[in-house]
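Peer 1:
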Amino acid sequence: MAGMRFILLALSALAGALLFVSPAGAAVGHRMSAEEGSAAVRFWTQERAERALRRDPVFGVRGTTSAGVQTRHRPVTVNRPEVGKILGWDRLGGYSCTGTVIDTRSLRLVLTAAHCVYSNGMWSRRMVFIPDFRNGRRPYGTYKVKTAWVSNAWQRLSFGSYGTNFDVAILVTRKLWDGTRIGENVGAIEVESNPNRRGVTDIYGYPGAAMGGRVMRTCRSRTKPDWYGGRVFPGPTGMLARCNMAAGSSGGPWVSRYSLPGGGTVGVVDGLTSTGFPQAGRSYLTSPYFGRLPRLLIRASEGR
Numbered sequence: 002m003a004g005m006r007f008i009l010l011a012l013s014a015l016a017g018a019l020l021f022v023s024p025a026g027a028a029v030g031h032r033m034s035a036e037e038g039s040a041a042v043r044f045w046t047q048e049r050a051e052r053a054l055r056r057d058p059v060f061g062v063r064g065t066t067s068a069g070v071q072t073r074h075r076p077v078t079v080n081r082p083e084v085g086k087i088l089g090w091d092r093l094g095g096y097s098c099t100g101t102v103i104d105t106r107s108l109r110l111v112l113t114a115a116h117c118v119y120s121n122g123m124w125s126r127r128m129v130f131i132p133d134f135r136n137g138r139r140p141y142g143t144y145k146v147k148t149a150w151v152s153n154a155w156q157r158l159s160f161g162s163y164g165t166n167f168d169v170a171i172l173v174t175r176k177l178w179d180g181t182r183i184g185e186n187v188g189a190i191e192v193e194s195n196p197n198r199r200g201v202t203d204i205y206g207y208p209g210a211a212m213g214g215r216v217m218r219t220c221r222s223r224t225k226p227d228w229y230g231g232r233v234f235p236g237p238t239g240m241l242a243r244c245n246m247a248a249g250s251s252g253g254p255w256v257s258r259y260s261l262p263g264g265g266t267v268g269v270v271d272g273l274t275s276t277g278f279p280q281a282g283r284s285y286l287t288s289p290y291f292g293r294l295p296r297l298l299i300r301a302s303e304g305r
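Here my numbering = 1-based position in the sequence shown + 1.
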């Protein structure tokens with residue numbers, strides 16, 4: 002019998018801030034005041050951020066494994082301003098995830114994994130987003146989080162009941178002191194709906210543990226359908242890719258490139274890192290399938 006995967010970041014968090022549900026009832030939001038946002042920015046000193054980068058994952062196993070370590074699909078260092086580090090706090094202390102600035106009307110939204118925002122019945126706190134974080138440097142500043150959104154389904158299921166299908170969240174960032182929005186400062190990547198599960202993707206993240214979590218990494222991999230739904234979801238539940246990342250890469254984008262009719266290519270986000278597992282000396286990552294859910298969360302976060 003297959004066991005559990007390892008979750009690339011294990012979260013618990015707090016409750017208590019203002020909650021509200023989208024008009025359609027598909028999403029629930031958690032609002033943080035401007036004062037809370039300012040306190041979070043002040044809280045994340047270099048020393049505290051460094052400790053959060055070393056937050057260890059929770060491991061589990063699916064299928065048979067071996068002690069071998071893969072030599073292919075290893076991440077390489079890269080800089081991409083639309084991708085950045087999320088720092089947050091829960092009952093166990095500081096943690097880190099990865100997020101992506103996405104191309105929407107507001108130019109203020111960051112896409113990440115739901116377990117980086119809400120887990121075990123509690124919301125995270127002290128969340129900030131740092132675009133293109135590099136060895137402690139913050140070239141584009143530190144952004145406060147105004148609101149976090151997850152689906153009602155994620156709140157009900159989380160990881161325990163194949164809730165990884167709903168492991169998607171949106172953070173609404175606040176403008177900087179000069180009134181500029183994050184998308185204006187670093188750019189943004191479009192989110193694709195209903196992508197092909199088979200293709201080639203570039204996976205970005207800030208893997209911690211042995212990789213330190215101090216620089217952005219990427220690896221290129223072929224994707225295929227993930228069939229981990231069992232009796233609950235008998236069809237493919239998401240996407241699967243080979244990539245040797247670890248804790249801290251949760252929420253990182255899977256970016257595919259498509260040719261434009263007039264020439265050139267464009268990158269789109271068609272997945273994000275949710276869980277991972279080792280098998281037969283290889284490391285795999287999984288992504289929820291980007292059907293309707295990302296767009297529902299985007300509409301909720303922008304009041305549409």
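C-beta: ideal position from N, C-alpha, C; glycine also. None of the values given here were measured: they were computed from a predicted structure.
Whole angstroms are fine: how far does the CA of valine 187 sit from the CA of methionine 240?
Peer 2: Indexing the sequence shown from 1 puts residue 240 at position 239. Indexing the sequence shown from 1 puts residue 187 at position 186. In a straight line, the C-alpha of methionine 240 is about 28 Å away from that of valine 187.
Peer 1: Report buried or exposed for asparagine 197, applying the criterion of at least 16 other Cβ atoms within 10 angstroms of its Cβ.
Peer 2: Your numbering for residue 197 matches position 196 in the sequence shown. It is exposed - the Cβ of asparagine 197 has fewer than 16 other Cβ atoms within 10 Å.
Peer 1: Following the continuous alpha helix (DSSP H) through tryptophan 155, name the residue where it begins and the one where it ends.
Peer 2: As a working note, residue 155 is residue 154 in the sequence shown. It spans 153-158 - the alpha helix (DSSP H) in which tryptophan 155 sits, taken as one unbroken run.
Peer 1: Does DSSP put alanine 35 in a helix, a strand or coil?
Peer 2: On the sequence shown, residue 35 is found 34 positions in, with the first residue counted as 1. If DSSP states are grouped into helix, strand and coil, alanine 35 belongs with the helices.
Peer 1: Going by DSSP, what residue range makes up the alpha helix (DSSP H) through valine 187?
Peer 2: Counted from its first residue, the sequence shown places residue 187 at position 186. Start and end: 183-187.
Peer 1: Using a Cβ-Cβ cutoff of less than 7 Å, which residues in the same chain neighbour arginine 199 once the five nearest sequence positions on both sides are dropped?
Peer 2: For the purposes of this step, residue 199 is identified with residue 198 of the sequence shown, where counting begins at 1. Only residues of its own chain outside the window of five on either side were considered, and among them Thr224, Lys225 have a CB closer than 7 Å to the CB of arginine 199, listed in chain order.
Peer 1: Please classify alanine 28: does DSSP put it in a helix, a strand, or coil?
Peer 2: Position 27 of the sequence shown, counted from the first residue, corresponds to residue 28. Looking at alanine 28 - three-state DSSP - the assignment turns out to be strand.
Peer 1: Pop quiz: leucine 297 and alanine 28 are said to be a contact at Cβ under 8 Å. What is the actual Cβ separation, rounded to whole angstroms?
Peer 2: Position 296 of the sequence shown holds residue 297. Position 27 of the sequence shown holds residue 28. The C-beta separation of leucine 297 from alanine 28 comes to about 6 Å, placing the pair in contact by the 8 Å criterion.
Peer 1: Once the 5 residues before and after tyrosine 285 are set aside, which same chain residues still bring their CB inside 8 Å of it?
Peer 2: By 1-based counting over the sequence shown, the position of residue 285 is 284. Contacts found: Leu241, Ala242, Arg243, Cys244, Gly277, Phe278, Pro279.
Peer 1: So, with DSSP's three-state summary, where would you put phenylalanine 44?
Peer 2: Numbered from its first residue, the sequence shown carries residue 44 at position 43. Reduced to three states, the DSSP call for phenylalanine 44 is helix.
Peer 1: Report buried or exposed for arginine 127, applying the criterion of at least 16 other Cβ atoms within 10 angstroms of its Cβ.
Peer 2: By one-based count along the sequence shown, residue 127 stands at place 126. Buried, because 16 or more other Cβ atoms sit within 10 Å of the Cβ of arginine 127.
Peer 1: In the DSSP assignment, find the beta strand (DSSP E) that holds proline 140 and state where it starts and stops.
Peer 2: Taking the first residue of the sequence shown as position 1, residue 140 is located at position 139. Careful: proline 140 lies outside any beta strand (DSSP E) and carries neither H nor E.
Peer 1: Among Gln47, Trp45, Glu36, Ser251, which residue has its Cα nearest to the Cα of alanine 170?
Peer 2: The residue given as residue 170 occupies position 169 in the sequence shown. The shortest C-alpha separation from alanine 170 is found at Ser251.
Peer 1: Would you please state the rounded distance, in angstroms, between the beta carbons of serine 302 and proline 289? I believe it to be under 8 Å.
Peer 2: Counted from its first residue, the sequence shown places residue 302 at position 301. Counted from its first residue, the sequence shown places residue 289 at position 288. Contact between serine 302 and proline 289 does not hold, since their C-beta atoms are separated by about 17 Å, which reaches or exceeds 8 Å.
Peer 1: Which stretch, first to last residue, makes up the beta strand (DSSP E) that contains serine 222?
Peer 2: Working through the sequence shown from its first residue, we reach residue 222 at position 221. Looking at the DSSP string, the run of the beta strand (DSSP E) that includes serine 222 is 218-227.
Peer 1: Taking the alpha-carbon of glycine 89 as reference, which of Gly38, Gly268, Pro295, Arg293 has the nearest alpha-carbon?
Peer 2: Your numbering for residue 89 matches position 88 in the sequence shown. Closest in C-alpha terms to glycine 89, from the list Gly38, Gly268, Pro295, Arg293, comes Gly38.
Peer 1: In chain order, what residues of the same chain lie with their CB nearer than 6 Å to the CB of glycine 17, ignoring the 5 residues before and after it?
Peer 2: For the purposes of this step, residue 17 is taken as the residue at position 16 of the sequence shown. Bear in mind that the predicted position of glycine 17 carries a pLDDT of just 39, short of 50, making it too unreliable to give a figure here.
Peer 1: Out of curiosity, what's the CA-to-CA distance linking arginine 139 and glycine 122?
Peer 2: Here residue 139 is taken as the residue at index 138 of the sequence shown, counted from 1. Here residue 122 is taken as the residue at index 121 of the sequence shown, counted from 1. Distance between the alpha carbons of arginine 139 and glycine 122 is about 32 Å.
Peer 1: On the DSSP bridge list, what partners appear for methionine 240?
Peer 2: For the purposes of this step, residue 240 is taken as the residue at position 239 of the sequence shown. Note: methionine 240 sits in a beta bridge opposite Pro226, Ser288.
Peer 1: How close, in whole Å, do the beta carbons of valine 102 and isoleucine 204 come, if the pair is a contact with beta carbons under 8 Å?
Peer 2: Locating residue 102 in the sequence shown gives position 101, where the first residue counts as 1. Locating residue 204 in the sequence shown gives position 203, where the first residue counts as 1. Not a contact, Cβ separation roughly 17 Å.
Peer 1: Quick check on this structure: which residue in Val77, Val270, Val267, Gly253 has the alpha carbon closest to the alpha carbon of histidine 116?
Peer 2: If you number the sequence shown from 1, residue 116 lands on position 115. Here the closest residue by C-alpha is Gly253.
Peer 1: Taking the alpha-carbon positions, what's the glutamine 156 to arginine 215 distance?
Peer 2: By 1-based counting over the sequence shown, the position of residue 156 is 155. By 1-based counting over the sequence shown, the position of residue 215 is 214. Each residue's alpha carbon lies about 30 Å from the other.
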